[in-house]
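What follows is a set of notes on a single structure, which appears directly below.
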Amino acid sequence: MTDNANKKVSEALPIGYRFNEFEIQEVLGSGGFGIVYRAWDHQLERAVAIKEFMPASFAMRKADLSIGLRGERFGKAFSAGLTSFIDEARLLARFNHPGLAQVLRFWVQNDTAYIVSLFYEGVTLGRLREQHPQKLDEAAIRRLLPMLFGALRALHKAGYQHLDISPDNILLQENGLPVLLDPGAARRSIGNVTDETETLLRPGYAPVEQYNDDENALGPWTDIYALGAVLHTLIVGSPPPVSVVRSLQDNYQPLAERKPEGYSLSLLQAIDRALALKKEGRPQSVDEFAALVDLPVGGHDDLLNADKPGTMLIPLEEHKVAVTGWRRYQTAGMVVAGVVAGIIIGGLLFSSSAPQNAQPETADADRPQEQPATAQPPAATGEQQALVYVRIREGEQLLLNGKPQAVVPAANGFAALQLSPGQYAFTLKNHDQIRSQRLTIGQSGTWLINPQS
Numbered sequence: 189m190t191d192n193a194n195k196k197v198s199e200a201l202p203i204g205y206r207f208n209e210f211e212i213q214e215v216l217g218s219g220g221f222g223i224v225y226r227a228w229d230h231q232l233e234r235a236v237a238i239k240e241f242m243p244a245s246f247a248m249r250k251a252d253l254s255i256g257l258r259g260e261r262f263g264k265a266f267s268a269g270l271t272s273f274i275d276e277a278r279l280l281a282r283f284n285h286p287g288l289a290q291v292l293r294f295w296v297q298n299d300t301a302y303i304v305s306l307f308y309e310g311v312t313l314g315r316l317r318e319q320h321p322q323k324l325d326e327a328a329i330r331r332l333l334p335m336l337f338g339a340l341r342a343l344h345k346a347g348y349q350h351l352d353i354s355p356d357n358i359l360l361q362e363n364g365l366p367v368l369l370d371p372g373a374a375r376r377s378i379g380n381v382t383d384e385t386e387t388l389l390r391p392g393y394a395p396v397e398q399y400n401d402d403e404n405a406l407g408p409w410t411d412i413y414a415l416g417a418v419l420h421t422l423i424v425g426s427p428p429p430v431s432v433v434r435s436l437q438d439n440y441q442p443l444a445e446r447k448p449e450g451y452s453l454s455l456l457q458a459i460d461r462a463l464a465l466k467k468e469g470r471p472q473s474v475d476e477f478a479a480l481v482d483l484p485v486g487g488h489d490d491l492l493n494a495d496k497p498g499t500m501l502i503p504l505e506e507h508k509v510a511v512t513g514w515r516r517y518q519t520a521g522m523v524v525a526g527v528v529a530g531i532i533i534g535g536l537l538f539s540s541s542a543p544q545n546a547q548p549e550t551a552d553a554d555r556p557q558e559q560p561a562t563a564q565p566p567a568a569t570g571e572q573q574a575l576v577y578v579r580i581r582e583g584e585q586l587l588l589n590g591k592p593q594a595v596v597p598a599a600n601g602f603a604a605l606q607l608s609p610g611q612y613a614f615t616l617k618n619h620d621q622i623r624s625q626r627l628t629i630g631q632s633g634t635w636l637i638n639p640q641s
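For what it's worth, my numbering labels the leading residue of the sequence shown as 189, then goes sequentially.
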């Protein structure tokens, strides 16, 4: 980002500002409730994202770089938003689902609060829809949905809702995995205090129950409506009519009647169900919505804490384009840094996380000499390939059937490999600590595994 771009965020902290080991290197952008920075962690020597609670409409930067109110009347709203901002950090820190942004830590300083998350790089679905709508066909949508279903189910199972799902809050990484960003807790709390709920919600994506004060009306069906609105946007280019307008006169035209070319009737009907005006008419759970589109729920709710290795098979007919298909359409304007705030800006290069081809397990006498795997596209032989995501912790070396693999995990901690059908032994070593798991692949699909000690 240029100096001129940095200056556009007038309330931002200066480049070079330090929070102990974290040094601010770039202002990524700002929204109504915060500023997001790219920072360098000098202890772990890696880039991180820092989100600062900074509601510019009623707060300002003081000379000592702390945050002050623009007037005493804003104190209640600021306090409510700050509390929810911290609650959001605590909430996200509870989860290690690959479809949810991972919070590393948070703290209070400068009379506000800060959240440090992994630094995600990718393109939002909103930007992808604007620049390359032809890429979001039904096959692409079906590749995205299982992981999004899994992320939402993890939240819902713990008793939470996201409440701010939109195309700009879903980041598609280079490895094809979507990440759900920026829960709407602070936005909702400030709206409740300031009576500005309607202006703070995202028109077209918020169902009618989000416009009233009855939080008991909220539930999984609330997020399902928003996800349905996202799918509606990906297919036809715009969200459905604003729900409060629909409550007066419902002018929503079902997708099943519009019949956009290239999309199955079952998918269109499922989206129409998700967009039912009354919550009772929608799927009541993620699993029910997933069943309507005949897809599994990707990931594992307690993937990193599972007593047994977490393995999930997601059948995909066109898995080989799940990674390479996106890369072909990256441009300097669309390859952007996605962070927990959901502010997606810039033109950054992806880190190396492409799937690696590997061979199935063979008898010891038949094994070739050990050598690291190298990245290459799938062989053009028509042989079915499986896409396997392996959870790799910091400092671990992955061995596949005893052979070291030169793979680099993405920001969410998962490395991707493309494997032919066969039997595989996954071993992860870090000094004397070993995690291992065996996996038999009999068909194409996507597998998510977390070997255990």
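Backbone N, C-alpha and C fix where the C-beta goes; we use that ideal spot for every residue, glycine too.
Are there 16 or more other CB atoms within 10 angstroms of the CB of residue 131, so buried, or fewer, so exposed? The displayed coordinates of the chain run from 189 to 641. Any statement about residue 131 would go beyond what the structure contains.
Which runs of the beta strand (DSSP E) spanning at least 3 residues fall entirely within the stretch 383-457, listed in chain order? If we require 3 residues or more, the stretch 383-457 turns out to have no beta strand (DSSP E) run fully inside it.
Answer yes or no: the CB of residue 354 versus the heavy atoms of the ligand GDP, is any distance below 7 Å? Judged by which ligands are present, the structure shown has none, so any question about the ligand GDP falls away.
Going by DSSP, what residue range makes up the alpha helix (DSSP H) through residue 334? For the purposes of this step, residue 334 is taken as the residue at position 146 of the sequence shown. Where residue 334 is concerned, the enclosing alpha helix (DSSP H) stretches over 326-345.
Endpoints, the alpha helix (DSSP H) within which residue 474 is located: Here residue 474 refers to the residue found at position 286 when the sequence shown is read from its first residue. From DSSP, the alpha helix (DSSP H) with residue 474 extends over 474-480.
Sorted by chain position, which residues of the same chain lie with C-beta nearer than 8 Å to residue 440's C-beta, five sequence neighbours on each side aside? If you number the sequence shown from 1, residue 440 lands on position 252. If we look at residue 440 and ignore the five residues flanking it on each side, its Cβ neighbours are 428, 429, 434, 463, 465.
Can you check whether the CB of residue 368 is closer than 8 Å to the CB of residue 350? Taking the sequence shown and counting its residues from 1, one reaches residue 350 at position 162. Taking the sequence shown and counting its residues from 1, one reaches residue 368 at position 180. A contact, by the Cβ cut-off of 8 Å.
Going by DSSP in three states, residue 630 sits in which element: helix, strand or coil? The residue given as residue 630 occupies position 442 in the sequence shown. Annotated three-state conformation of residue 630 is coil, per DSSP.
Please tell me whether residue 623 and residue 612 are closer than 8 Å, where the distance is taken between their beta carbons. For the purposes of this step, residue 623 is taken as residue 435 along the sequence shown, with counting starting at 1. For the purposes of this step, residue 612 is taken as residue 424 along the sequence shown, with counting starting at 1. Residue 623 places its beta carbon 8 Å or farther from that of residue 612.
Whole-number beta carbon distance between residue 339 and residue 285, since they are thought to touch under 8 Å: Against the sequence shown, residue 285 aligns to sequence position 97. Against the sequence shown, residue 339 aligns to sequence position 151. Sure, about 5 Å apart at Cβ, within 8 Å.
Inter-residue CB distance, residue 288 and residue 342 (contact presumed, cutoff 8 Å): Within the sequence shown, residue 288 is the residue found at index 100, counting from 1. Within the sequence shown, residue 342 is the residue found at index 154, counting from 1. At roughly 7 Å, the Cβ-Cβ gap stays under 8 Å, so residue 288 and residue 342 are in contact.
Given 8 Å as the limit, is there contact between the stretch 583-592 and the stretch 255-272, that is, 3 or more CB pairs closer than that? Between the stretch 583-592 and the stretch 255-272, the count of C-beta pairs closer than 8 Å stays below three; the two stretches do not touch.
So is residue 277 buried or exposed if we call it buried at 16+ other beta carbons inside 10 Å? Position 89 of the sequence shown holds residue 277. By the neighbour-count criterion, in which 16 or more other beta carbons inside 10 Å mark a residue as buried, residue 277 falls on the buried side.
Inspect the beta-carbon positions of residue 205 and residue 215 and report whether they are closer than 8 Å. Walking along the sequence shown from the start, residue 205 turns up at place 17. Walking along the sequence shown from the start, residue 215 turns up at place 27. No. Outside cutoff.
According to DSSP, is residue 292 part of a helix, a strand, or is it coil? In the sequence shown, the residue the question calls residue 292 occupies position 104. In the three-state scheme derived from DSSP, where H, G and I count as helix and E and B as strand, residue 292 is classed as strand.
Return the chain-ordered list of same chain residues with a C-beta closer than 8 Å to the C-beta of residue 263, the five sequence neighbours on each side being excluded. Within the sequence shown, numbered from 1, the residue matching residue 263 stands at position 75. 257, listed in sequence order.
Per DSSP, cross-strand counterpart(s) of residue 217: As a working note, residue 217 is residue 29 in the sequence shown. Bridge partners of residue 217: 224.
According to the neighbour-count rule (16 or more other Cβ atoms, all chains shown, within 10 Å of its Cβ), is residue 619 buried or exposed? As a working mapping, residue 619 is identified with position 431 in the sequence shown. Taking all protein chains shown into account, residue 619 has fewer than 16 neighbouring C-beta atoms within 10 Å of its C-beta and is therefore exposed.
Supposed contact pair residue 616 and residue 573 - C-beta distance, whole angstroms, cut 8 Å: Numbered from its first residue, the sequence shown carries residue 573 at position 385. Numbered from its first residue, the sequence shown carries residue 616 at position 428. Wrong, their Cβ atoms sit about 22 Å apart, outside the cutoff.
Identify the residues that DSSP records as bridge partners of residue 249: which are they? One-based indexing of the sequence shown puts residue 249 at position 61. As computed with DSSP, residue 249 is found in a beta bridge with 255.
Best match in 283, 245, 251 for proximity to residue 266 [C-alpha to C-alpha]: What you label residue 266 is simply residue 78 of the sequence shown in a count that begins at 1. The shortest Cα separation from residue 266 among 283, 245, 251 belongs to 245.
Exposed or buried, residue 295, counting other C-beta atoms within 10 Å across all chains shown (16 or more means buried)? Sequence index remark: in the sequence shown, residue 295 carries index 107 (1-based). When all chains shown are included, residue 295 counts as exposed.
Which of the three DSSP states is assigned to residue 459 in this structure? Your numbering for residue 459 matches position 271 in the sequence shown. Of the three classes helix, strand and coil, the one that applies to residue 459 here is helix, per DSSP.
Beta-carbon within less than 7 Å of residue 213's beta-carbon, same chain only, minus the 5 sequence neighbours each way: which residues are those? Within the sequence shown, the letter at position 25 stands for residue 213. Same-chain partners within the cutoff: 203, 226, 227, 228.
Give the C-beta separation of residue 610 and residue 629 to the nearest angstrom, bearing in mind that I take them to be a contact with Cβ-Cβ under 8 Å. As a working mapping, residue 610 is identified with position 422 in the sequence shown. As a working mapping, residue 629 is identified with position 441 in the sequence shown. Their Cβ separation, rounded to whole angstroms, is 6 Å, which keeps residue 610 and residue 629 in contact under 8 Å.
Based on Cα-Cα distance, which residue from 397, 335, 424 lies nearest to residue 468? As a position in the sequence shown, residue 468 is number 280, starting the count at 1. Ranking the options by Cα distance to residue 468, first place goes to 397.
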